[in-house]
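Read through the structure below, which is laid out as structure tokens, and then see the notes.
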Amino acid sequence: MEQNSGKVRILPAGDQALVAEFGDQIDLAMNDSVQALTERVRESGLAGITELVPTFRSLLIYYQPSVIGYDALKEKIQLLAECPDTAISAQRRILKIPCCYGSHFGPDLADLERYTGIDRDEIIRIHSGTDYRVYMLGFLPGFAYLGGLDERIAMPRLSTPRLKIPKGAVGIGGNQTGVYPLESPGGWRLIGSTPLDFYNPDRKEPVLCRAGDRIRFIPITSADYYDIKRMVTQGSYHPEMEI
């Protein structure tokens, strides 16, 4: 492996990509560095860059070898990563996501009560009282891995994953929370559901959120859920957003 002199490590990823790694754990400060480098590369206008994929701890950069070679790109990325000003943009979107907790929307909420010793009203208050960082997107199109879950309501994944989790399900997996954008198998503990589409290929922007965004869950009733779902289907509902 190639080790840089600074805190970032840059490695080849096939013949049309490289990865800039900042460490090997999930950490807010480390993700800040990933987001800062993502912004710098995007703003630099480097020729030949085709796609940026930020993750928990690294940034994957796809490029055109016919436009810029690996060694030249590596040097430029290293300089951008080691720039003294590493602060990410102060303006970050906060998406307000309606969530109906419990009932058939959250079949694991009772288990979470027993596991944590906290009653469901307090669990809902805790879960909806945090602005979660979108660390990265993965697993499924539009699946956002959200950091910042209060350790009081953390719970291990199911020992045997479900074969079918409905689209929109809001779950807890270990010390993270997230939303299933599509029906799929999965082992996260389901505590609620959102009527919003985190992924819709027919939209101009198919994925609802971006890495670096914040997510705030807003508790709603089951009646609210179906009202919003109807508006989403009609294309007349757009989530509230703070900048």
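The sequence shown begins at 9 in the working numbering and counts up one residue at a time.
Think of the CB as a built atom: it goes at the ideal place given N, C-alpha and C, for glycine as much as any other residue.
Query: Just grab the DSSP bridge partners of Tyr207 for me.; Result: Val215
Query: If contacts are defined as beta-carbon pairs under 8 Å, then Val178 and Ile199 qualify, I think. What distance do you get, rounded to the angstrom?; Result: 6 Å
Query: Could you check which residue in Tyr153, Asp210 and Pro193 has the C-alpha nearest to that of Gly243?; Result: Asp210
Query: Helix, strand or coil for Glu10, going by three-state DSSP, please let me know.; Result: Note that Glu10 has pLDDT 40, beneath the 50 cutoff, so the model's placement of it is unreliable and the number below is only indicative. Looking at Glu10 - three-state DSSP - the assignment turns out to be coil, as it is neither helix nor strand.
Query: Go through its chain and collect everything with a Cβ distance to Thr58's Cβ below 7 Å, but skip five positions before and after it.; Result: Tyr70, Tyr71 and Gln72
Query: Let's test the definition: count the other Cβ atoms within 10 Å of the Cβ of Glu29 and tell me whether it reaches 16, buried, or not, exposed.; Result: buried
Query: By Cβ distance below 6 Å, which residues in the same chain neighbour Glu250 in space, the five residues on each side in sequence not counted?; Result: Ile102
Query: Taking 9 Å as the cut-off, decide whether the C-beta atoms of Ser201 and Gly114 are in contact.; Result: yes
Query: Judging by CA-CA distance, which residue of Gly125, Gly195 and Pro174 is the nearest neighbour of Gly182?; Result: Gly195
Query: Please return the same chain residues whose Cβ sits closer than 7 Å to the Cβ of Asp116, not counting the five positions on each side in sequence.; Result: Arg197, Leu198 and Ile199
Query: How would you write the range of the alpha helix (DSSP H) that Ser230 sits in, first residue to last?; Result: Ser230 to Gln242
Query: Using the Cα positions of Gln184 and Gly146, report the straight-line distance between them to the nearest angstrom.; Result: 14 Å
Query: According to DSSP, is Gln184 part of a helix, a strand, or is it coil?; Result: strand
Query: Would you mind listing the alpha helix (DSSP H) stretches within the segment 116-155 that are 4+ residues and don't spill past its ends, in chain order?; Result: 117-124 and 128-135
Query: Report, in whole angstroms, the separation of the C-beta atoms of Pro203 and Ile236, which I expect to be a contact under 8 Å.; Result: 4 Å
Query: Quick one: grab the DSSP three-state call for Leu81.; Result: helix
Query: Less than 9 Å between the beta carbons of Glu191 and Pro174, yes or no?; Result: yes
Query: Mind checking Cys107: buried by the 16 CB within 10 Å criterion, or exposed?; Result: buried
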